[in-house]
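Novice: Submitted below is the structure of interest, expressed as structure tokens.
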Amino acid sequence: MVAYAGETVATALRLLGFRRLRSSPRAGQPRGLFCAMGVCQECVVRVDGRTVPACLEPVRDGMSVVTHVDGRDGLSL
Numbered sequence: 104m105v106a107y108a109g110e111t112v113a114t115a116l117r118l119l120g121f122r123r124l125r126s127s128p129r130a131g132q133p134r135g136l137f138c139a140m141g142v143c144q145e146c147v148v149r150v151d152g153r154t155v156p157a158c159l160e161p162v163r164d165g166m167s168v169v170t171h172v173d174g175r176d177g178l179s180l
């Protein structure tokens, strides 16, 4: 994956065409980037084993990003 210095994980994923980063726990509804400032927690992903809001996490070389869709691990970058 190619990303630019200063971009967040959410921005990089969105530019690659990913809108859904996880599913809601009860209804399984799609969730992704919403507030873009870390308040709503709708864009949480696992980065190097830590659960973080993708909209606040800066990209860096060699990082591991895992999305959660339908209660299971989804995309892994």
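Per the numbering used here, residue 104 is the first one in the sequence shown, and the count goes up by one each step.
The beta-carbon is built from N, C-alpha and C at its ideal position, and this holds for glycine as well.
Every value quoted in this text rests on a predicted model; they were computed, and no experiment measured them.
How is the beta strand (DSSP E) around V147 delimited, first residue to last?
Specialist: Locating residue 147 in the sequence shown gives position 44, counting from the first residue. Where V147 is concerned, the enclosing beta strand (DSSP E) stretches over V147 to V150.
Novice: Where do the N-terminal and C-terminal ends of the beta strand (DSSP E) with T154 fall, by residue?
Specialist: For the purposes of this step, residue 154 is taken as residue 51 along the sequence shown, with counting starting at 1. Residues R153 to P156.
Novice: Check R125 in the structure and name its three-state DSSP category.
Specialist: If you number the sequence shown from 1, residue 125 lands on position 22. Here R125 sits in strand by DSSP.
Novice: So, at 8 Å on beta carbons, what are the nonlocal neighbours of G152 in its own chain, with the 5 sequence-adjacent residues on each side left out?
Specialist: Looking up residue 152 in the sequence shown gives position 49. For G152, where only same-chain residues beyond five positions count, the Cβ hits under 8 Å are S167.
Novice: On the three-state DSSP scale, how would you describe R163?
Specialist: As a position in the sequence shown, residue 163 is number 60, starting the count at 1. R163: coil per DSSP, three-state reduction.
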